[in-house]
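What follows is a single structure, written as structure tokens, with notes after it.
Residue numbers (the working numbering): 3 to 138.
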């Protein structure tokens, strides 16, 4: 499977809030930087490949899901540069990043819901028929 998900973890809760003297939070800086990345194709921007962006301050992480592995890898390499202080701002040394497969597979979720729905209907029909017989 293709690695299309970047997880930035070990952020502090303060990284999601603009600090005194700063106009935006670190999480917002990361988002703006990634969404402004360019690709080799002048007609295609990296932000077009972002499927989902989730800031999770209560879990101290950011999850970014891309539509393809090439875009995810380009973003991941850029983030590595932030960690190594090669870009406009740096990530704290406590931050960890991972590039991994997307664990949210739509087809598997819908299959599970279809099977559960069939079981519920069958169980409901049995319950109704028993209650109808008892009422007579």
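Where is the CB? At the ideal position from N, CA and C, for every residue including glycine.
Being a predicted model, the structure only gives us computed values, none of them experimental.
Per DSSP, residue 25 lies in no beta strand (DSSP E) segment and is marked neither H nor E. Between residue 11 and residue 63 a beta carbon distance of about 4 Å is seen, short of the 8 Å cut, so the two are scored as contacting. For residue 52, the uninterrupted beta strand (DSSP E) segment begins and ends at 52-58.
Nearest to residue 60 by C-alpha distance, out of 6, 8, 13, 3, is 13.
For a cut-off of 8 Å, the C-beta gap from residue 74 to residue 7 is around 7 Å, short enough to register as a contact. Taken through DSSP and simplified to helix, strand or coil, residue 105 comes out as coil. If you look at residue 68, you'll find it in the beta strand (DSSP E) that goes 63-68. Collapsing the DSSP output to three states places residue 3 in coil. When DSSP reads this structure, residue 98 sits in a beta bridge with 11.
Distance from the CA atom of residue 17 to the CA atom of residue 57, rounded to whole angstroms, is 11 Å.
Across the set 36, 19, 71, the C-alpha of 36 shows the shortest separation from the C-alpha of residue 49.
Distance between residue 20 and residue 91, taken at the CA atoms: about 14 Å.
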